[in-house]
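Residue numbers (my numbering): 76 to 347.
Every residue, glycine too, gets a C-beta built ideally from N, C-alpha and C.
Notes follow the structure.
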């Protein structure tokens, strides 16, 4: 119980620390709006071209999506990303390089537990001061409807698991800094791949069949693709998707435990 209180304190401390920089998220809202608007414009052109050449389905859908539904998919995906995205990986790497990570190791708490608590605090802050204002701007702009069907409870549940998986991936990448020393390139690659393989930019079933099917069984799909589908009521077998997401979260937790044991045995603190 005492340790749980300590983790909650770390989450609260992170939330309060970010309060001092809340105004910088205003520009972030504009940036995300540009991303969504740009992608929506591209898809509008695709739908228009399909209509002109007669290849658009009679119901106005491409791979099961109308243009309006695709707009909803994009808005929901980017608003969710604005909430669960954290820089845990780069923060761990920076502390390893500076030597400040020794202060984390001196605390009588799990190293990964500390960072998960801080990520939770950051997510809470982002939900209130970033995702919510962004939703206020984007939802009316793109006429995003309320969750369809069971999306009102399926989406929040999958969103929390998406945060968990994303946090575990960040810990995995950050912990590699103990071995690799400089993970700048790795982190950049991870973030770019995550935007594509998670289905944030393009629904995974829009990709070539072989590639799309492969992506849907990777953990990245549980970060954006499935939560966004859940919001639109497009998940038929929710229990299977839920089990898939939780299974990957637990697998990544195990991978982090094993990686941390290896890193602890060969630890070399940089900086000074």
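As an exercise, report each continuous alpha helix (DSSP H) stretch of at least 4 residues that is fully enclosed by the region 107-188, in chain order. 142-159, 163-173 and 176-181
Between the Cα of residue 257 and those of 162, 122, 202 and 173, spot the shortest distance and give me the residue it belongs to. The shortest Cα separation from residue 257 among 162, 122, 202 and 173 belongs to 173.
Tell me which same chain residues have a C-beta within less than 6 angstroms of the C-beta of residue 239, skipping the five on either side of it? 324
With DSSP run on the structure shown, which of helix, strand or coil describes residue 263? helix
Does DSSP put residue 222 in a helix, a strand or coil? Residue 222 falls in the coil class under three-state DSSP.
Beta-carbon spacing of residue 287, residue 293 below 8 angstroms: no
Put residue 231 into one of helix, strand or coil per three-state DSSP. helix
Taking its Cβ as the centre, do 16 or more other Cβ atoms sit within 10 Å of residue 314, making it buried, or is it exposed? Per the 10 Å Cβ criterion, exposed.
Between the alpha carbons of residue 303 and residue 228, how many angstroms are there, rounded? 12 angstroms
Which of helix, strand or coil DSSP assigns to residue 295: helix
Measuring only the C-alpha atoms, how far is residue 253 from residue 337? 10 angstroms
Might you give, ordered along the chain, the residues of its own chain that have their beta carbon closer than 8 angstroms to the beta carbon of residue 141, omitting 5 neighbours on each side? 134 and 135
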